[in-house]
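Comments concern the structure below.
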Amino acid sequence: MAKTRTLIVAGEAFPLAKTGGLGDAITGMARALMEARMPLSVLLPAYRGVRAKLNRVREVATLEDLPGGPAVLLEGKCPQSGIDYLVLENDALYDRGGLYADENGREHPDNGLRYAALAHAAVRVAAGLPGVARPTLVHAHDWHAGLVPLLLRAAGLPDVKSVMTIHNLAFQGLFPIACADEFGVPEWARTDDGAQAWGQLNFLKAGIRYADRVTTVSHTYAREIMTPEFGCGLDALLRSRADDLLPIPNGIDDVLWNPAHDPYLRSHRYSVRDLTNKIHCKAALQREFGLRPDLGATVMGMGNRLTEQKMADVAVHALPEALDRHPNLQIAILGQGDHRLEEALQDIARRYPGRCATHIGYDEGIAHRLHAGSDILLHASRFEPFGLTPLYAMRYGTLPIGSRVGGMADTIQDPGPRAPLSAMASATGVLFEGDTPQAMSAAIDRALDLRGHGILWRLMQRNAMSSDFGWRAAVSLYASLYRSLVEPEYRDAAPASALQPEDVAAVSRRQPRAGGALPAAI
1 MAKTRTLIVA
11 GEAFPLAKTG
21 GLGDAITGMA
31 RALMEARMPL
41 SVLLPAYRGV
51 RAKLNRVREV
61 ATLEDLPGGP
71 AVLLEGKCPQ
81 SGIDYLVLEN
91 DALYDRGGLY
101 ADENGREHPD
111 NGLRYAALAH
121 AAVRVAAGLP
131 GVARPTLVHA
141 HDWHAGLVPL
151 LLRAAGLPDV
161 KSVMTIHNLA
171 FQGLFPIACA
181 DEFGVPEWAR
191 TDDGAQAWGQ
201 LNFLKAGIRY
211 ADRVTTVSHT
221 YAREIMTPEF
231 GCGLDALLRS
241 RADDLLPIPN
251 GIDDVLWNPA
261 HDPYLRSHRY
271 SVRDLTNKIH
281 CKAALQREFG
291 LRPDLGATVM
301 GMGNRLTEQK
311 MADVAVHALP
321 EALDRHPNLQ
331 IAILGQGDHR
341 LEEALQDIAR
351 RYPGRCATHI
361 GYDEGIAHRL
371 HAGSDILLHA
381 SRFEPFGLTP
391 LYAMRYGTLP
401 IGSRVGGMAD
411 TIQDPGPRAP
421 LSAMASATGV
431 LFEGDTPQAM
441 SAAIDRALDL
451 RGHGILWRLM
461 QRNAMSSDFG
471 WRAAVSLYAS
481 LYRSLVEPEY
491 RDAAPASALQ
501 PEDVAAVSRR
511 QPRAGGALPA
521 AI
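For what it's worth, UniProt numbering labels the leading residue of the sequence shown as 1, then goes sequentially.
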């Protein structure tokens, strides 16, 4: 009788390769599944430097006739996470400085070929390779692995089930239909009913269309993506699969993100029971960012991609206003993205020396210290599938200002600006609606006012730090989902979708965003 063994396929996983929250999510989920005694391995491209981060590396197969040429499949274990990895080595495809883009932010022109090769490699593993444990289920994540469910169908492997998880619907993996032969996409799938959309191959659509089940990473986002406003052109397909669409909220790695044991904080660790060292983390952050030494200042951190999705364009207008209105406010910015927005935020730092500092780039240690040393985190977003960063901040007693969209609407507790002040005793942050500078500024004002109520602020900090956003609940749902697909005796134990038509209608009735609808394809 078949037992569940999972192959996770993704474009990144911390610490081997990471550009954002996806890398954290893959590692956190895989480690939690292993702790729940669910056997698995993770398949990644062998990007530059990945092989050196693995122990006990061995070559298990040379895979001929892949898109982009032959590749070597390696097996190894990550000593930091304990996860077993398969990595696909083809230096012509993967030995580059950036995972998806070059140092100037330009996407690699052969990304379609690179991730088509990864998908075909996953199917070879699923079909069975000598010396490699054969999976009974393949879990594909985001567009990078979107071809996997389609290629499993094409390979005639009905005994291997597939799950497709949408972490961000806006990034779909669109490539010219003329590349279908080179990518190994079967002719019968090159239609609008298959893997084609807007005259192009759409990797994510292929995954949604052909996977046995589809999941996404928060309840609110699952409802949102079935509407035209948030569906990025795929809302009709998602509505047609509503019975198979399961919202399973992400978790955070509560071992890695733990101020009581964080090595990046050195001697300034603290916990919900004793916040004494948080003030020392603030002083260290002020020194690191070149902010004026002032322990009485309110430090607001902003650590995310500097893009329009993350409302960096709105912050460019709202932050100077906040600095002018609140002489006690300091701002520390960490991120990278749109060069135009990077320059605009650097210009604000030049205009407010000692009160605003912008660090372009990403550094894991700085990110941890930003969460530890800030009082408030600004994390606005026009759409947000889940929102890991606010949860990291809450774990560190740094209260988030977030947009009332997607996962943040589920995870940040805020009774709202019209509620009595006493109601904030159960809150964990501040939410706002809309994507205007005025809306963001009002939320910043509100957070700063709340911080002036010392006892109430401490209660909110304790609420935030005590919230359980670990992977345990999610892993229980994933384990039930996997077993329901693979093991007949668990078939009736499949988690229900829990999405109802009225849920989608409620999202559709929301006030339209000032920025208008998302483009149909990104």
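Note that beta-carbon positions come from the ideal geometry of N, C-alpha and C, so glycine has one too.
Since the structure is predicted, the reported quantities are computational estimates derived from the model, not experimental observations.
How many whole angstroms separate the CB atoms of residue i and residue j, which I take to be in contact at a CB cut-off of 8 Å?
i	j	result
D48	R96	According to the sequence as given, residue 48 is Arg; it is not Asp. Correct: roughly 6 Å between the Cβ atoms.
A10	H141	4 Å
V163	T216	That pair is no contact at about 11 Å.
L151	V123	5 Å
L201	A180	6 Å
G146	L237	The Cβ separation is near 13 Å, so there is no contact.
A479	M38	6 Å
L113	F183	7 Å
Does DSSP classify residue i as helix, strand or coil?
i	result
K310	coil
M465	helix
A357	strand
M164	strand
M300	strand
G82	coil
E12	coil
F386	coil
F289	helix
A207	Looking at the sequence shown, residue 207 is not Ala but Gly. In the structure shown, G207 sits in a helix (DSSP, three-state: H, G or I).
P501	In this prediction, P501 scores a pLDDT of 48, lower than 50, which makes its location untrustworthy; the coordinate-derived value is nonetheless stated afterwards. Residue state, collapsed to three classes: helix.
G131	coil
D274	strand
A61	strand
E343	helix
H139	strand
A284	helix
A2	coil
A439	helix
Would you list the one or two residues that DSSP bridges to residue i?
i	result
V430	I401
A197	Q200
K77	N55, D84
residue 524	This structure leaves residue 524 out entirely; the chain is present only between 1 and 522.
Q330	V299
P176	Q200
S41	L7
G335	I360
H108	H108 is not bridged to any residue.
E89	V72
L378	I401
A101	E107
A17	A13
On the CB-based measure, 16 or more other CB atoms within 10 Å of its CB, does residue i come out buried or exposed?
i	result
E59	exposed
K161	buried
I279	exposed
D262	buried
G387	buried
N104	exposed
N463	buried
N328	exposed
W198	exposed
H359	buried
Q80	exposed
G454	exposed
N62	The identity of residue 62 in the sequence shown is Thr, whereas the question assumes Asn. When all chains shown are included, T62 counts as exposed.
I8	buried
If we call anything under 8 Å between Cβ atoms a contact, is residue i one with residue j?
i	j	result
I444	I412	no
Y264	R369	yes
T27	D253	yes
S374	A332	yes
F230	F383	yes
G303	A367	yes
H219	A25	no
L66	H120	yes
L129	L88	no
A195	R209	yes
A494	L481	yes
V138	Y85	no
A32	V475	yes
P15	K53	yes
T6	E487	no
T298	R446	no
residue 538	L459	The structure shown has nothing for residue 538, since the chain only spans 1 to 522.
Q330	R351	no
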